[in-house]
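Undergrad:
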Amino acid sequence: MTAVAEMLGKLIAFDTVSSRSNLGLIHYIRDYLAEHGVRVRIMAAPDGQPKANLWATIGPDKPGGIVLSGHTDVVPVEGQPWSADPFTLRDGGDRYFGRGTCDMKGFIALCLALVPEMRAKPLTTPIHFAFSYDEELGCLGAPLLIEEIGKQLPQPRLAIIGEPTEMRLGTRHKGCYCYEMRVTGKDGHSSQTHRGVNAIAAAAEIAGELIRIAEDLRVNGPHDHSFDPPYCTLNLGNIQGGTAVNIIARECRLEWDFRPVPGASVDLALDPIRKFIDSDLLPRMRTVAPETNIEIVPDLGVPPLIEEKDSAAEALLKMLTGANETHGMAFATEAGQFQQAGLSAIVCGPGSITQAHKPDEFILKSELVAGETFLRKLIDWVRSH
Ligand SMILES: [Zn+2]
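Counting in our numbering, the sequence shown runs from 2 upward without gaps.
1. Expressed to the nearest angstrom, what Euclidean distance is found between the alpha-carbon atoms of Thr234 and Tyr180?
2. Using CA coordinates, which residue listed in Trp83, Pro51 and Ile30 is at the minimum distance from Pro359?
3. In the DSSP assignment, what are the bridge partners of Tyr134?
4. Hey, could you find the ends of the alpha helix (DSSP H) Ala346 is sitting in?
5. Are the Cβ atoms of Gln356 and Cys112 separated by less than 7 Å?
6. List in chain order: all unbroken alpha helix (DSSP H) runs of 4+ residues lying wholly within the segment 7-36.
7. In angstroms, rounded to a whole number, what distance separates the CA positions of Leu218 and Leu283?
8. Among Thr288, Asp188, Leu344 and Gly329, which has the Cα closest to the Cα of Ala314?
9. Taking just the CA atoms, how far does Ala204 sit from Ala143?
10. Out of Ala53, Met119 and Lys106, point me to the one whose CA is closest to Leu34's CA.
11. Is it the case that the CB of Glu335 approaches a heavy atom of ligand 1 more closely than 6 Å?
12. How about Met119: is its Cβ closer than 6 Å to a heavy atom in ligand 1?
13. Looking at the structure shown, is Leu306 part of a helix, part of a strand, or coil, going by DSSP?
14. Hey, could you find the ends of the beta strand (DSSP E) Asp258 is sitting in?
15. Does DSSP classify Ala46 as helix, strand or coil?
16. Considering only the alpha carbon of each residue, which of Glu292, Met330 and Gly302 lies closest to Glu308?
17. Helix, strand or coil for Lys187, going by three-state DSSP, please let me know.
18. Confirm the yes/no value for this check: CB of Met8, any heavy atom of ligand 1, distance under 6 Å.
19. Could you name the residues that DSSP lists as bridge partners for Asp225?
20. Give the range of the alpha helix (DSSP H) segment to which Val116 is assigned.
21. Given this structure, state the Cα-to-Cα distance separating Asp272 from Arg213, to the nearest angstrom.
22. Can you tell me which of the three DSSP states His195 falls into?
23. Taking 7 Å as the threshold (C-beta atoms), are Asn23 and Tyr97 in contact?
24. Taking DSSP's pairing of strands, which residues face Ile248 in a bridge?
25. I need the boundaries of the beta strand (DSSP E) containing Gly337, first residue and last residue.
26. Go ahead and pull the three-state DSSP assignment for Gln241.
27. Relative to the alpha-carbon of Lys152, which residue among Thr89, Pro64, Asp381 and Asp361 has its alpha-carbon at the smallest distance?
28. Kindly examine ligand 1 and report whether one of its heavy atoms sits closer than 6 Å to the Cβ of Asp104.
29. Using DSSP bridges, identify the partner residues of Phe98.
30. For Glu164, is the beta carbon positioned less than 6 Å from some heavy atom of ligand 3?
31. Starting from Met286 and walking both ways along the alpha helix (DSSP H), at which residues does that stretch end?
32. I need the straight-line Cα distance from Arg42 to Leu26, nearest angstrom please.
33. Going by CA-CA distance only, name the one from Gln81, Phe15 and Phe108 that's closest to Phe88.
34. Measuring alpha carbon to alpha carbon, tell me which of Gly71, His129 and Pro123 ends up nearest Gly101.
35. Which of the three DSSP states, helix, strand or coil, is assigned to Met383?
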């Protein structure tokens, strides 16, 4: 078994499904790095959850370093038909099975297994590890770590987010913004509809308007053909309301997300829905009952990765991987968050996103080899730059 596979086996064995603690894994990595003389900082979740981010630096403590970023959490396995224990690494010939092999403990295993090589000779440019928690819940952990960049932590030059891209260069991805609509109507006996304001009916009107806005964005909104689909999408994900069939519904909640192409503003969705509510729907509701209300509550927000032509990250990775094409990623990552902190950010890691989040998730051994080759080239580069 290679050093990478051995490390991957250890990481997979920690059940770090996002709803659980990642501290076992974080402490394992901390101890491993400490054994190799690497400076580590653990940043505990500020809300008291048993979770933490980890930041580590190899090389000089100065600005201009390279961040290797990965998330430590994985998606749940419940309800999925796994052929064997998801938390035991299984050798399947040309691949390794296990939850997180591809998304994205494979990348973290590569980073850790190569620490002895990074430490073998002095580095001119620092390499930082940024391992986060709760990425799968909407990139919740990374911002707390990124906040320290430029304050407690030296400002790095670029960040490589090792999400599975089959080592292709992901220079852009859509953002993802979630909202909850809270509709408060006026209840009453269902025979007296004229005396009440039905929150479900109001939510249905909002849903209809959101569908209309989505269609308008599909036809007339900004397009970026490196994505599938190339337009901004809006999806109604959840609706809940009412109490009983003979009561005019007093409350209804509607959840939706908006995924703009990079450069497109959330206002493309928010402005028209606000206008519809403020100038049409809510005035109608309030003529019946002034106490009725509609709240738009922003929930999660993951910024897009905006393409920067010939960015520092793109130039370096093109040189190291030999790739000359860049790609748009359909999925959101922490890359946009690093970019917002002033780093040149790129998504590039081993494995395929089509194998992520599935039963019998796997990573091809050839992908790990490609990742290892890439990191060795990166180590050579930081020794001389
Ligand atoms: Zn991931």
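Where a beta carbon is used, it is the ideal one built from N, C-alpha and C, also for glycine.
TA: Put simply:
1. Locating residue 234 in the sequence shown gives position 233, counting from the first residue. Locating residue 180 in the sequence shown gives position 179, counting from the first residue. Thr234 and Tyr180 have their C-alpha atoms spaced approximately 14 Å apart.
2. Here residue 359 is taken as the residue at index 358 of the sequence shown, counted from 1. The question names Pro, but residue 359 is Lys in the sequence shown. It is Trp83.
3. Residue numbering aside, residue 134 sits at position 133 when the sequence shown is read from its first letter. For Tyr134, which the question treats as bridged, DSSP gives no partner whatsoever.
4. As a first step, residue 346 is located in the sequence shown; it is residue number 345 there, counting from the start. From DSSP, Ala346 is part of no alpha helix (DSSP H) but of the beta strand (DSSP E) over Ser345 to Val348.
5. The count along the sequence shown starts at 1 and reaches residue 356 at position 355. The count along the sequence shown starts at 1 and reaches residue 112 at position 111. Result no, Cβ atoms of Gln356 and Cys112 do not sit closer than 7 Å.
6. 24-36, all fully within the segment 7-36.
7. For the purposes of this step, residue 218 is taken as the residue at position 217 of the sequence shown. For the purposes of this step, residue 283 is taken as the residue at position 282 of the sequence shown. The C-alpha of Leu218 lies about 24 Å from the C-alpha of Leu283.
8. As a position in the sequence shown, residue 314 is number 313, starting the count at 1. The shortest Cα separation from Ala314 among Thr288, Asp188, Leu344 and Gly329 belongs to Leu344.
9. As a first step, residue 143 must be located in the sequence shown, where it is residue number 142. As a first step, residue 204 must be located in the sequence shown, where it is residue number 203. Between the alpha carbons of Ala143 and Ala204 lies a gap of roughly 34 Å.
10. As a working note, residue 34 is residue 33 in the sequence shown. For Leu34, the nearest C-alpha among the options comes from Met119.
11. Numbered from 1 along the sequence shown, position 334 holds the residue referred to as residue 335. When distances are taken from the beta-carbon of Glu335 to the heavy atoms of ligand 1, even the shortest one reaches 6 Å or more.
12. Residue mapping note: residue 119 aligns to position 118 of the sequence shown, counting from 1. False, no ligand heavy atom lies under 6 Å from that Cβ.
13. The sequence position of residue 306 within the sequence shown is 305, counting from 1. DSSP places Leu306 in strand when its eight states are reduced to three.
14. In the sequence shown, the residue the question calls residue 258 occupies position 257. Its beta strand (DSSP E) spans residues Glu252 to Arg260.
15. Numbered from 1 along the sequence shown, position 45 holds the residue referred to as residue 46. If DSSP states are grouped into helix, strand and coil, Ala46 belongs with coil.
16. Looking up residue 308 in the sequence shown gives position 307. Ranked by Cα distance from Glu308, the options Glu292, Met330 and Gly302 are led by Met330.
17. Counting from one through the sequence shown, the residue named residue 187 turns up at place 186. It is a strand residue.
18. Within the sequence shown, residue 8 is the residue found at index 7, counting from 1. It does not: the Cβ of Met8 is nowhere closer than 6 Å to a heavy atom of ligand 1.
19. Within the sequence shown, residue 225 is the residue found at index 224, counting from 1. BP columns for Asp225 are empty, so no partner.
20. Position 115 of the sequence shown, counted from the start, is the residue given in the question as residue 116. Start and end: Val116 to Ala121.
21. For the purposes of this step, residue 272 is taken as residue 271 along the sequence shown, with counting starting at 1. For the purposes of this step, residue 213 is taken as residue 212 along the sequence shown, with counting starting at 1. Spanning the two alpha carbons is a distance of roughly 13 Å.
22. Numbered from its first residue, the sequence shown carries residue 195 at position 194. In the three-state scheme derived from DSSP, where H, G and I count as helix and E and B as strand, His195 is classed as helix.
23. Taking the first residue of the sequence shown as position 1, residue 97 is located at position 96. Taking the first residue of the sequence shown as position 1, residue 23 is located at position 22. One thing to note: Tyr97 has its Cβ no nearer than 7 Å to the Cβ of Asn23.
24. Position 247 of the sequence shown, counted from the start, is the residue given in the question as residue 248. Ile248 pairs with His190.
25. Translated into positions along the sequence shown, residue 337 becomes position 336. No beta strand (DSSP E) contains Gly337, which is instead part of the alpha helix (DSSP H) from Ala336 to Gln341.
26. The residue labelled residue 241 in the question sits at position 240 within the sequence shown. Gln241: strand per DSSP, three-state reduction.
27. Position 151 of the sequence shown, counted from the start, is the residue given in the question as residue 152. The residue with the shortest Cα to Cα distance from Lys152 is Pro64.
28. By one-based count along the sequence shown, residue 104 stands at place 103. Result yes, Cβ under 6 Å from ligand 1.
29. Taking the sequence shown and counting its residues from 1, one reaches residue 98 at position 97. Paired residues: Arg91 and Phe363.
30. This structure simply doesn't include ligand 3; it includes ligand 1 instead.
31. Residue mapping note: residue 286 aligns to position 285 of the sequence shown, counting from 1. That run of the alpha helix (DSSP H) goes Leu283 to Val289.
32. Locating residue 42 in the sequence shown gives position 41, counting from the first residue. Locating residue 26 in the sequence shown gives position 25, counting from the first residue. Within the model, the alpha-carbon separation for Arg42 versus Leu26 is close to 14 Å.
33. Here the question's residue 88 lines up with position 87 in the sequence shown. The shortest Cα separation from Phe88 among Gln81, Phe15 and Phe108 belongs to Phe15.
34. Within the sequence shown, residue 101 is the residue found at index 100, counting from 1. Distances from the CA of Gly101 to each of Gly71, His129 and Pro123 were compared; the closest alpha carbon is that of Gly71.
35. Numbered from its first residue, the sequence shown carries residue 383 at position 382. It is worth fixing the name first, because residue 383 is Val in this sequence and not Met. It is helical.
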